[in-house]
Amino acid sequence: MKEILSLQNLIVEINGETILDGLNLNLEEGIHVLLGPNGTGKSTLLGTLMGLSRFKVSGKIYFYEEDITDLTPDERFKKGIFLAYQLPPAVRGVKLRDILKKILNIDPKKNLPEEIYSYLKDLDLDESFLEREVNYGFSGGERKKSEVLQLLLAKPKLALLDEPDSGVDIDSLKLIGEALRKVSKESNLIVVTHNLKVLDYIDSNSVIVLLDGKYLWKGSLDLIHQIEEKGYEYIRRLAYAQNLS
Amino acid sequence: MLKTYLEELKNRALKAKDKPAILGPDIDLEPYMKTIYDQPIDNLERLPNEIKENILYSGITPSEENTAGTYFQINHSVVYEKLKNIYKGKLEIMSIQEALEKYEWLENYYGKLVAPDTDKYTAWAELKPTGGYFIRVFANQKIEYPIQSCLYIKEGNISQNVHNIIIVEEGAEVFVTTGCLTHLKNEPGIHIGVSEFFIKKGAKLYFTMIHNWSEEFHVRPRTAVLVEEGGVFINNYVILKPVKSVQSYPTVYVKEGAIARLYTITYGRKDSYIDLGGRIVFEDKNSKGEMVSRIIADDSSQVYSRGEIIGKAQDTKGFLDCRGIILNKEARIVAIPILDAQDPESELSHEAAIGPIAEEEIEYLTTRGFNKDEAMSTITRGFLSLEIPGLPKVAKDQINNTVAQLEKAGL
Numbered sequence: 001m002k003e004i005l006s007l008q009n010l011i012v013e014i015n016g017e018t019i020l021d022g023l024n025l026n027l028e029e030g031i032h033v034l035l036g037p038n039g040t041g042k043s044t045l046l047g048t049l050m051g052l053s054r055f056k057v058s059g060k061i062y063f064y065e066e067d068i069t070d071l072t073p074d075e076r077f078k079k080g081i082f083l084a085y086q087l088p089p090a091v092r093g094v095k096l097r098d099i100l101k102k103i104l105n106i107d108p109k110k111n112l113p114e115e116i117y118s119y120l121k122d123l124d125l126d127e128s129f130l131e132r133e134v135n136y137g138f139s140g141g142e143r144k145k146s147e148v149l150q151l152l153l154a155k156p157k158l159a160l161l162d163e164p165d166s167g168v169d170i171d172s173l174k175l176i177g178e179a180l181r182k183v184s185k186e187s188n189l190i191v192v193t194h195n196l197k198v199l200d201y202i203d204s205n206s207v208i209v210l211l212d213g214k215y216l217w218k219g220s221l222d223l224i225h226q227i228e229e230k231g232y233e234y235i236r237r238l239a240y241a242q243n244l245s
Numbered sequence: 246m247l248k249t250y251l252e253e254l255k256n257r258a259l260k261a262k263d264k265p266a267i268l269g270p271d272i273d274l275e276p277y278m279k280t281i282y283d284q285p286i287d288n289l290e291r292l293p294n295e296i297k298e299n300i301l302y303s304g305i306t307p308s309e310e311n312t313a314g315t316y317f318q319i320n321h322s323v324v325y326e327k328l329k330n331i332y333k334g335k336l337e338i339m340s341i342q343e344a345l346e347k348y349e350w351l352e353n354y355y356g357k358l359v360a361p362d363t364d365k366y367t368a369w370a371e372l373k374p375t376g377g378y379f380i381r382v383f384a385n386q387k388i389e390y391p392i393q394s395c396l397y398i399k400e401g402n403i404s405q406n407v408h409n410i411i412i413v414e415e416g417a418e419v420f421v422t423t424g425c426l427t428h429l430k431n432e433p434g435i436h437i438g439v440s441e442f443f444i445k446k447g448a449k450l451y452f453t454m455i456h457n458w459s460e461e462f463h464v465r466p467r468t469a470v471l472v473e474e475g476g477v478f479i480n481n482y483v484i485l486k487p488v489k490s491v492q493s494y495p496t497v498y499v500k501e502g503a504i505a506r507l508y509t510i511t512y513g514r515k516d517s518y519i520d521l522g523g524r525i526v527f528e529d530k531n532s533k534g535e536m537v538s539r540i541i542a543d544d545s546s547q548v549y550s551r552g553e554i555i556g557k558a559q560d561t562k563g564f565l566d567c568r569g570i571i572l573n574k575e576a577r578i579v580a581i582p583i584l585d586a587q588d589p590e591s592e593l594s595h596e597a598a599i600g601p602i603a604e605e606e607i608e609y610l611t612t613r614g615f616n617k618d619e620a621m622s623t624i625t626r627g628f629l630s631l632e633i634p635g636l637p638k639v640a641k642d643q644i645n646n647t648v649a650q651l652e653k654a655g656l
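Chains as they are written, first to last, in my numbering: chain A, 1 to 245; chain B, 246 to 656.
Here you go:
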């Protein structure tokens, strides 16, 4: 399998505080689950991969061997990276339809392609949803669905999913899970989750655990069971031991 | 007697000819006293190209396609008036002077809502009138296309003092678009507009005014509206180009079960001093209204947004909503909401928020492929494209097209 992502000594600061401290990682194409305790820097890592400006970055990020460290989010989007936000902001005055057209790079005056209607149906959304100001007055579930709908149309090479399952009810989780199953057939994924239920829908290749913003521990799916059984502390010990050696 | 009444108004105006307005910079009107005559034209397509192109930005169509009629004034002269044949007998359009000669009963309307001695501007509109339109829609006539009126200034150093009257009779419906503008760049000028609108029982008036003045122009609209029982008044005011100063505080008197909605879209640029208010007075029970403002202040513009709702009767409901974006350190937005409830069952509320465009919102759009500039302009355009409930599609398209045209022309 091809290498999709390589991080070399990645250091990320926000307002002078170091959140990620010297991460190194080589990741092959596939579906990867990113786990870790709260506040360990998972969202920061995804945001950094997307190029969000609040993160001050040093080190290198390679995407399919191309150095993308200095690219802006729109340039990274065009390279095929998509971030589905955990808490996407409301953008007043901008309709979801406008964003979908941009994602598809079609003329704002032209109609959206037919496939959008089957995606809407799959997510149990109405066409009127497209006319709403994006994320404004959306429920938690609607925000997630909106992100997934955009993702379905974007068909990126690499989708970064930041807790696509948090704050959604059981029915919505099922719909989002099924949609992600579809996405996982066409895109490589890095999924951050605390609710392992979403993993029923996607066939993950590997599990990555991020600890203290410093250590990335990569393993197979079995790692999830070990974490469930022994907690993150167990992985931390493994990581420290490896680091010492 | 109308003649005697008009003389009385003039006498009152004379006493107020030097009376400064409560708000806005005081303007010395003395240098703007000359009068200019322009020749009538028989077709708007014969207007000089620079005027033809310019009026598009104010929602005025030279082809007159999809319009019911047109009133066109340049400087101090009415140069064109037209009512399409199919609308004859349904409504009338003429200059205010013609109307005053024709209808003795105008005594019951003219000067009744805006007193001529309010300030020096209303006084001069009375003492030295230079045009204005009279539009009257007959009872129960529903006019599907807009009436367009244009008040154009093409000579510098003059004051255009217009007095407009719209009467929408019982059960009638109409929308009127007024474009007030100039193509002058460096020459100063003044536009004073007294407007009195009467919306009778169950009638509806959708009124849109688009101002495109210039950096040397002072503008003093003086507007009041009476919405009778069950009537509806929807007002859109759009100002996107720089102006020296504009100050206006229209008042809408709302009777039983009637509705008033005022929407203002302001883009303050360069040194513009923009002071826009609005006052809705619920005079009888069950009346409702809202005032919504969207403001962008750039460069060193100063924008005042004054919203005032007075609830004098039971079961009245009013809402003020003001949102502003500041794009420059030198710019300023001042939002002044006033809620004045004079009845225990009057429900009034307001929301106001001013700030920059959130970086997070811009960035969100960039993660969807917009570059930073596109993201900014998409948010700005969205911010200015108000969703106005109840506004007919044709009027909505007109506002959106105007914003798009101005945007294309780099504002």
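Built from N, CA and C at the ideal position, the CB exists for glycine as well.
Predicted, not measured: the structure shown is a model, and the values here were computed from it.
Residues, ordered as in the chain, of the region 590-601 of chain B that lie near chain A by beta-carbon distance below 8 Å: none
Cutoff 6 Å; reference B/L572; Cβ partners in own chain excluding five residues on either side: Reading the second sequence from its first residue, position 327 is the one you call residue 572 of chain B. Here the set comprises D543.
Short-range partners of chain B found in the region 129-143 of chain A, where Cβ spacing is below 9 Å: E133, V134 and N135
Beta-ladder partner(s) of A/E29, from DSSP: As a first step, residue 29 of chain A is located in the first sequence; it is residue number 29 there, counting from the start. None, per the DSSP bridge assignment.
Given B/E473 as reference, the closest of B/V499, B/M454 and B/H456 once Cα atoms are compared: Walking along the second sequence from the start, residue 473 of chain B turns up at place 228. Measuring from the Cα of B/E473, the nearest candidate turns out to be B/V499.
Terminal residues of the alpha helix (DSSP H) in which A/Y117 lies: As a position in the first sequence, residue 117 of chain A is number 117, starting the count at 1. Unbroken alpha helix (DSSP H) run through A/Y117: E115 to D122.
Assigned exposure category for B/P495 - 16 Cβ within 10 Å defines buried: As a position in the second sequence, residue 495 of chain B is number 250, starting the count at 1. The residue is buried, with at least 16 neighbouring Cβ atoms inside 10 Å.
Beta-carbon separation (whole angstroms), B/L336 vs B/R381, contact threshold 8 Å: Taking the first residue of the second sequence as position 1, residue 336 of chain B is located at position 91. Taking the first residue of the second sequence as position 1, residue 381 of chain B is located at position 136. That pair is a contact at about 6 Å.
Span of the beta strand (DSSP E), counted from its first residue to its last, around B/A266: Translated into positions along the second sequence, residue 266 of chain B becomes position 21. Here B/A266 belongs to no beta strand (DSSP E), and DSSP marks it neither H nor E.
Neighbour list for B/G356 in chain A, Cβ cutoff strictly below 7 Å: Along the second sequence, one-based indexing puts residue 356 of chain B at 111. Residues of chain A passing the Cβ test: none, with the nearest at roughly 41 Å.
Neighbour-count burial assignment, B/A384, 16 or more Cβ in a 10 Å radius: Position 139 of the second sequence, counting from 1, holds the residue named residue 384 of chain B. Label assigned to B/A384: exposed.
Cβ-based neighbour list, A/R92, same chain, cut-off 8 Å, excluding 5 preceding and 5 following: For the purposes of this step, residue 92 of chain A is identified with residue 92 of the first sequence, where counting begins at 1. Result list for A/R92: E133 and Y136, in chain order.
8 Å Cβ cutoff, B/G627 in contact with chain A: For the purposes of this step, residue 627 of chain B is taken as the residue at position 382 of the second sequence. By this cut-off, B/G627 is an interface position.
Residue-level contact to chain A via CB, B/T249, 8 Å cutoff: Numbered from 1 along the second sequence, position 4 holds the residue referred to as residue 249 of chain B. No, because no Cβ of chain A sits closer than 8 Å to the Cβ of B/T249.
DSSP-derived helix/strand/coil call for B/H321: Taking the second sequence and counting its residues from 1, one reaches residue 321 of chain B at position 76. Three-state DSSP puts B/H321 in coil, outside helix and strand.
C-beta contact flag for B/M621 and B/I607 at 8 Å: Within the second sequence, numbered from 1, the residue matching residue 621 of chain B stands at position 376. Within the second sequence, numbered from 1, the residue matching residue 607 of chain B stands at position 362. Result yes, Cβ atoms of B/M621 and B/I607 sit closer than 8 Å.
Cross-strand partners of B/F442 (DSSP beta bridge): Start at 1 with the first residue of the second sequence, and residue 442 of chain B comes out as number 197. Paired residue(s): B/I411 and B/V470.
Identity of the residues DSSP links to B/H456 by a beta bridge: For the purposes of this step, residue 456 of chain B is taken as residue 211 along the second sequence, with counting starting at 1. In the DSSP output, where bridge partners are listed per residue, B/H456 has B/C425 and B/I484.
B/A344 - containing alpha helix (DSSP H), residue span: For the purposes of this step, residue 344 of chain B is identified with residue 99 of the second sequence, where counting begins at 1. Element bounds for B/A344: I341 to K347.
Pairwise C-alpha distance: B/A469 and B/V497: For the purposes of this step, residue 497 of chain B is taken as the residue at position 252 of the second sequence. For the purposes of this step, residue 469 of chain B is taken as the residue at position 224 of the second sequence. Computed Cα separation, rounded: 6 Å.
Selection of the region 85-100 of chain A by Cβ proximity to chain B, strictly under 9 Å: Y85, P88, P89, A90, V91, R92, G93, V94, K95, D98, I99 and L100
Minimum Cβ-Cβ distance from A/N105 to chain B less than 8 Å: Working through the first sequence from its first residue, we reach residue 105 of chain A at position 105. Chain B contact via Cβ: present.
Cβ shell of A/S58 (< 7 Å), same chain only, five flanking positions each side left out: Numbered from 1 along the first sequence, position 58 holds the residue referred to as residue 58 of chain A. The residues are I11.
Interface positions of the region 30-60 of chain A facing chain B (Cβ-Cβ less than 7 Å), listed along the chain: M50, L52 and S53
Stretch pair the region 348-355 of chain B + the region 315-334 of chain B: three plus CB contacts closer than 8 Å: no
Beta-carbon neighbours of A/P156, restricted to chain B and to distances below 8 Å: Stepping through the first sequence from its first residue, residue 156 of chain A is reached at position 156. Within chain B, no residue comes near A/P156; the closest Cβ sits about 11 Å away, beyond 8 Å.
Proximity below 8 Å, CB of B/G569 to CB of B/I602: Reading the second sequence from its first residue, position 324 is the one you call residue 569 of chain B. Reading the second sequence from its first residue, position 357 is the one you call residue 602 of chain B. Cβ distance not < 8 Å, so B/G569 and B/I602 don't count as in contact.
Partner residues on chain A for B/I624, Cβ-Cβ distance less than 9 Å: Residue mapping note: residue 624 of chain B aligns to position 379 of the second sequence, counting from 1. Residues of chain A passing the Cβ test: V91, R92, G93 and V94.
The beta strand (DSSP E) enclosing A/N266, as first and last residue numbers: No answer is possible for residue 266 of chain A: the residues shown for chain A start at 1 and end at 245.
Buried versus exposed, by CB contacts within 10 Å (16 or more), B/M536: Your numbering for residue 536 of chain B matches position 291 in the second sequence. When all chains shown are included, B/M536 counts as buried.
Beta-carbon neighbours of A/L83, restricted to chain B and to distances below 9 Å: In the first sequence, the residue the question calls residue 83 of chain A occupies position 83. Neighbours of A/L83 on chain B, chain order: T612.
Cut-off 6 Å between Cβ atoms - residues of its own chain near B/K486, not counting five sequence neighbours on either side: Position 241 of the second sequence, counted from the first residue, corresponds to residue 486 of chain B. Cβ neighbours of B/K486 beyond the five flanking positions: N457.
Straight-line gap, B/N481 to A/I202 (C-alpha atoms, nearest Å): Translated into the one-based positions of the second sequence, residue 481 of chain B becomes position 236. Translated into the one-based positions of the first sequence, residue 202 of chain A becomes position 202. Taking the straight line joining both Cα atoms gives about 52 Å.
Cβ-based burial, B/W350 [other Cβ within 10 Å; buried from 16]: Working through the second sequence from its first residue, we reach residue 350 of chain B at position 105. Answer is exposed; the Cβ neighbour count stays below 16.
Per DSSP, the bridge partner or partners of A/E17: Numbered from its first residue, the first sequence carries residue 17 of chain A at position 17. Its beta-bridge partners are A/I14.
Proximity below 8 Å, CB of B/A503 to CB of B/I525: By 1-based counting over the second sequence, the position of residue 503 of chain B is 258. By 1-based counting over the second sequence, the position of residue 525 of chain B is 280. For B/A503 and B/I525, no; Cβs fall outside 8 Å.
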